[in-house]
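Protein chains in written order, with the UniProt record's numbering: chain A, 1 to 259; chain B, 1 to 322. Glycine included, every Cβ here is placed at the ideal spot set by N, Cα and C. Owing to the predicted nature of the structure, the values given are computational and were not obtained by experimental measurement. For reference, the structure is listed below as structure tokens.
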Amino acid sequence: MRVLEVQSVTKRFGGLVAVNQVSLEVNEGEIFSVIGPNGAGKTTFFNLLTGIYTPDEGRILFLGRDITGTTPDKAAKLGIGRTFQNIRLFGAMTVLENILVGRHIHTRVPYLHALLRTPLARKEEKKALEEALSLLEYVGLLHRKDELARNLPYGEQRKLEIARALALKPKLLLLDEPAAGMNPKETEALQEFILKIRSEMGLTILLIEHDMRLVMRISDRIAVLDYGSKIAEGKPEEVRKNPRVIEAYLGRGAAGGAA
Amino acid sequence: MLEQILVLLPQVLFDGFILGFIYAMIALGYTMVYGVLELINFAHSEIFMIGAVAGVEVFRYLAPLIPNGYLLLAVAVVVGAAVAGLTAILVERMAYRPLRRRGTTNRLVPLVTAIGVSFFLQDLVRLIEGLWHNEFFLRMRTIEDLEGAFTLFGGAIFIQTKSVIVIVVSVLMLWGLTYLVNRTKLGMAIRAVAQDLSTASLMGINPDQIISRTFLIGGALGGVAGVLFALIYTTINPYVGFLPGIKAFTAAVLGGIGNIPGAMLGGLVLGQLENFFGTYLPILTAGNFGTEYKDVVAFLILIFILLFRPQGLLGQMVKEKV
Numbered sequence: 001m002r003v004l005e006v007q008s009v010t011k012r013f014g015g016l017v018a019v020n021q022v023s024l025e026v027n028e029g030e031i032f033s034v035i036g037p038n039g040a041g042k043t044t045f046f047n048l049l050t051g052i053y054t055p056d057e058g059r060i061l062f063l064g065r066d067i068t069g070t071t072p073d074k075a076a077k078l079g080i081g082r083t084f085q086n087i088r089l090f091g092a093m094t095v096l097e098n099i100l101v102g103r104h105i106h107t108r109v110p111y112l113h114a115l116l117r118t119p120l121a122r123k124e125e126k127k128a129l130e131e132a133l134s135l136l137e138y139v140g141l142l143h144r145k146d147e148l149a150r151n152l153p154y155g156e157q158r159k160l161e162i163a164r165a166l167a168l169k170p171k172l173l174l175l176d177e178p179a180a181g182m183n184p185k186e187t188e189a190l191q192e193f194i195l196k197i198r199s200e201m202g203l204t205i206l207l208i209e210h211d212m213r214l215v216m217r218i219s220d221r222i223a224v225l226d227y228g229s230k231i232a233e234g235k236p237e238e239v240r241k242n243p244r245v246i247e248a249y250l251g252r253g254a255a256g257g258a259a
Numbered sequence: 001m002l003e004q005i006l007v008l009l010p011q012v013l014f015d016g017f018i019l020g021f022i023y024a025m026i027a028l029g030y031t032m033v034y035g036v037l038e039l040i041n042f043a044h045s046e047i048f049m050i051g052a053v054a055g056v057e058v059f060r061y062l063a064p065l066i067p068n069g070y071l072l073l074a075v076a077v078v079v080g081a082a083v084a085g086l087t088a089i090l091v092e093r094m095a096y097r098p099l100r101r102r103g104t105t106n107r108l109v110p111l112v113t114a115i116g117v118s119f120f121l122q123d124l125v126r127l128i129e130g131l132w133h134n135e136f137f138l139r140m141r142t143i144e145d146l147e148g149a150f151t152l153f154g155g156a157i158f159i160q161t162k163s164v165i166v167i168v169v170s171v172l173m174l175w176g177l178t179y180l181v182n183r184t185k186l187g188m189a190i191r192a193v194a195q196d197l198s199t200a201s202l203m204g205i206n207p208d209q210i211i212s213r214t215f216l217i218g219g220a221l222g223g224v225a226g227v228l229f230a231l232i233y234t235t236i237n238p239y240v241g242f243l244p245g246i247k248a249f250t251a252a253v254l255g256g257i258g259n260i261p262g263a264m265l266g267g268l269v270l271g272q273l274e275n276f277f278g279t280y281l282p283i284l285t286a287g288n289f290g291t292e293y294k295d296v297v298a299f300l301i302l303i304f305i306l307l308f309r310p311q312g313l314l315g316q317m318v319k320e321k322v
């Protein structure tokens, strides 16, 4: 089944074409990576999928439904969860509360019930709490549940951010440079973790990543963006040998951020 | 002189709490709206005034129908909260949301709008009251049940029943708000939006809805404060919101703008300072400075505190947003 279908999407900022006629399709259960040099439009592409920006041209279909120009909260409710390149947790809230904020779209309690704390409201709240706790246990952060998110070490913040996105129970998970700032050992653990959530939670994953070892090992397919345009797409070994990709990366010299 | 000060002290502290709780309730409206929108909602002083007017009208019309003064007051509090809360929502919908929709990035634009809304509401209420009762000064009807008084500690403190009511209602409201913000789904969503609106929306939270609810809650608290204010000070008018509004705003800044416990603390501190100097200035200066200088001294102290803690008593230094 097609989870995501992007049809010739374009986004301009003034004279700059940040995303240029990009099309791609992501199938259910795939890990699909989007790579490219810095400034290639990868994060802008994510922002288009999650409704932060509206495309100037093109269409975006999610599970066969047109979500072009939707709002971020609706995208989340439909089943698109995401993390950020620079971690954006609710730092002044506890680890558990961060999860609950994500989980809350699945709590449906009429206001009067919530106000009067009826059995229905209590049952729903208890269910939300239990699910949040079991999710924390699943990602190994249960012992941190009452700590403020901003006090967690970097690696655990990354993990919490993914867990918060998982609390939305998404169909499609967008990970924006999850391995940034990790050492090789942590990256390996992350790889295991991504593969684990994909199979155990039935997720489809769209990944932006600069760590090529991770990308090549984990991806089913890869698309390469350069200056906003898709210059290649295919299996890892195909993309690795593609001359246009090599040129895009190496043509810029060592400082170009090809790592 | 010292003896004179000590004799009055229990009374001064008690009265300071009454004023402080009223400021605290109004301050919450400023601080919550600032939290989610980074907007100083200057129209909030008029939301408070509208609550006070609603309280007066409830007393005027319902006193003959409701014989029990406490029940009447309860009705006035609910009506005041509802009218003020709904007005706050309307203001947000009609004045601030359209600006957000247009993506106005200049912070001064909503601020100036807020000042405009403030003037508009003052004169709107003046017009309505003028046509309705042909009155400018509105007197809160006196209800026998609520007029009692007693003394404590062998006459050291003189306490009106009304003062006790103000403190009880305020404490309940502040407790309720704390519970709501810290323990409920809505409260969590409000805090999430306050910390990072765009990330919160990616977690499925509709920011417009949360902003609207925030105005409702802040407005309702302001409305209750208005009803209590009218109960204590008995005579109000459509311009009565200005001074308590400015002071409550100051209290919110003193506590750390955007910080909810800070607004409560700031309100209490300001109420105590104001009341303290209102009573003691003439004594301390041998009559050279009268009670009317209380605000000058109170605000000098505030400026002094903010020099050392510019982020406010409970506020945190704002980190650069990336």
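Best match in the options for proximity to residue i [C-alpha to C-alpha]
i: A/Asn20; options: A/Asn38, A/Phe45, A/Val34, A/Pro37; result: A/Phe45
i: A/Thr43; options: A/Leu152, A/Arg158, A/Ile208; result: A/Ile208
i: B/Gly223; options: B/Ile303, B/Ala248, B/Phe304, B/Ala84; result: B/Ala84
i: B/Ala156; options: B/Val77, B/Gln316, B/Gln4, B/Gln311; result: B/Gln4
i: residue 323 of chain A; options: A/Gly228, A/Ala114, A/Leu61; result: Summary: the structure shown does not reach residue 323 of chain A, with chain A confined to residues 1 through 259, and so no result is reported for it.
i: A/Glu5; options: A/Thr94, A/Gly102, A/Ala132, A/Leu172; result: A/Leu172
i: A/Arg221; options: A/Gly234, A/Glu97, A/Val139; result: A/Gly234
i: A/Leu225; options: A/Gly39, A/Glu237, A/Met1, A/Val3; result: A/Gly39
i: A/Glu124; options: A/Glu137, A/Leu100, A/Gly181; result: A/Leu100
i: A/Phe236; options: A/Arg158, A/Met216, A/Arg65; result: Rather than Phe, the amino acid found at residue 236 of chain A in this sequence is Pro. Comparing Cα-Cα distances from A/Pro236 to each of A/Arg158, A/Met216, A/Arg65, the minimum goes to A/Met216.
i: A/His210; options: A/Ile194, A/Ala180, A/Lys196, A/Lys230; result: A/Ala180
i: A/Gly91; options: A/Thr70, A/Ile52, A/Glu156; result: A/Glu156
i: B/Val181; options: B/Leu72, B/Leu273, B/Thr31, B/Arg100; result: B/Thr31
i: A/Arg122; options: B/Pro67, B/Thr178, B/Ser163, B/Lys185; result: B/Lys185
i: B/Phe249; options: B/Ala263, B/Tyr239, B/Val240; result: B/Ala263
i: B/Phe242; options: B/Met188, B/Ile190, B/Gly290, B/Asp123; result: B/Asp123
i: B/Ala298; options: B/Phe276, B/Phe308, B/His133; result: B/Phe276
i: B/Ile165; options: B/Leu127, B/Gly290, B/Asn106, B/Ala76; result: B/Ala76
i: A/Tyr138; options: A/Leu152, A/Leu160, A/Ala76; result: A/Leu160
Pair within 8 Å by beta-carbon distance, residue i and residue j
i: B/Val227; j: B/Ala52; result: yes
i: A/Val239; j: A/Ala232; result: yes
i: B/Arg121; j: B/Ile50; result: Correcting the residue type first, residue 121 of chain B is Leu in the shown sequence and not Arg. Cβ atoms of B/Leu121 and B/Ile50: closer than 8 Å.
i: A/Ala167; j: A/Ala132; result: yes
i: B/Gly176; j: B/Asn259; result: no
i: A/Ala223; j: A/Leu24; result: yes
i: A/Gln191; j: A/Ile218; result: yes
i: B/Ala251; j: B/Leu270; result: yes
i: B/Ala225; j: B/Phe59; result: no
i: B/Phe229; j: B/Ile22; result: yes
i: B/Leu146; j: B/Gly69; result: yes
i: B/Ile143; j: B/Phe150; result: no
i: A/Phe84; j: A/Asp146; result: no
i: B/Ile95; j: B/Phe42; result: Per the sequence presented here, residue 95 of chain B reads as Ala, with Ile not at that position. In this structure, B/Phe42 does not lie closer than 8 Å to B/Ala95 by Cβ.
i: A/Val17; j: A/Gly228; result: yes
i: B/Leu99; j: B/Val112; result: no
i: A/Ile80; j: A/Pro170; result: yes
i: B/Pro244; j: B/Ser45; result: yes
Residues that residue i contacts on chain A, provided the C-beta gap is smaller than 8 Å
i: B/Gln195; result: Phe90, Gly91, Ala92, Met93
i: B/Thr214; result: Result: empty, since nearest Cβ-Cβ is about 15 Å, beyond 8 Å.
Proximal residues of chain B, C-beta to C-beta of residue i below 8 Å
i: A/Val101; result: Met188, Ala189, Ala192, Ala200, Met203, Ile205
i: A/Asp146; result: Residues of chain B passing the Cβ test: none, with the nearest at roughly 13 Å.
i: A/Pro72; result: Ser198, Ser201, Leu202
i: A/Thr50; result: Leu202
Under 7 Å from the C-beta of residue i: neighbouring residues of chain A
i: B/Thr184; result: Ala114
Partners in chain B for residue i, counting only beta-carbon separations shorter than 7 Å
i: A/Glu97; result: Met188
i: A/Arg82; result: Leu202
Neighbour list for residue i in chain B, Cβ cutoff strictly below 9 Å
i: A/Ile105; result: Met203, Gly204, Ile205
i: A/Leu160; result: The contacting residues do not exist; A/Leu160 stays about 13 Å from chain B at best.
Counting pairs of beta carbons, one from the segment 247–258 of chain B and one from the segment 23–41 of chain B, are three or more of them closer than 8 Å? yes
Do three or more CB pairs link the segment 132–139 of chain B to the segment 229–238 of chain B at distances below 8 Å? yes
Three-pair Cβ contact test at 8 Å for the segment 86–105 of chain B versus the segment 209–222 of chain B: yes
Three CB pairs or more closer than 8 Å across the segment 178–198 of chain A and the segment 10–27 of chain A: no
Within the segment 269–299 of chain B, ranges of the beta strand (DSSP E) (whole runs, at least 3 residues): none
Taking one C-beta from the segment 47–61 of chain A and one from the segment 30–39 of chain A each time, how about it: are there three or more such pairs within less than 8 Å? no
Per the contact definition of three or more C-beta pairs closer than 8 Å, is the segment 111–130 of chain A in contact with the segment 161–173 of chain B? no
Tell me whether the segment 31–47 of chain B and the segment 282–299 of chain B touch, counting them as touching only if at least three CB pairs, one residue from each stretch, are closer than 8 Å. no
Counting pairs of Cβ atoms below 8 Å between the segment 142–158 of chain A and the segment 87–104 of chain A, do you hit three or more? yes
If you scan the segment 90–140 of chain A from start to end, which runs of the alpha helix (DSSP H) of 4 or more residues do you find wholly inside it? 95–103, 111–116, 119–139
Measuring CB atoms only, is the segment 195–214 of chain B touching the segment 4–15 of chain B, in the sense that at least three cross pairs come out at less than 8 Å? no
Ranges of the alpha helix (DSSP H) found wholly within the segment 50–108 of chain B, counting only runs of at least 4: 69–91, 97–101
Segments of 4+ residues assigned as alpha helix (DSSP H) that fall wholly inside the segment 182–232 of chain B: 185–195, 197–202
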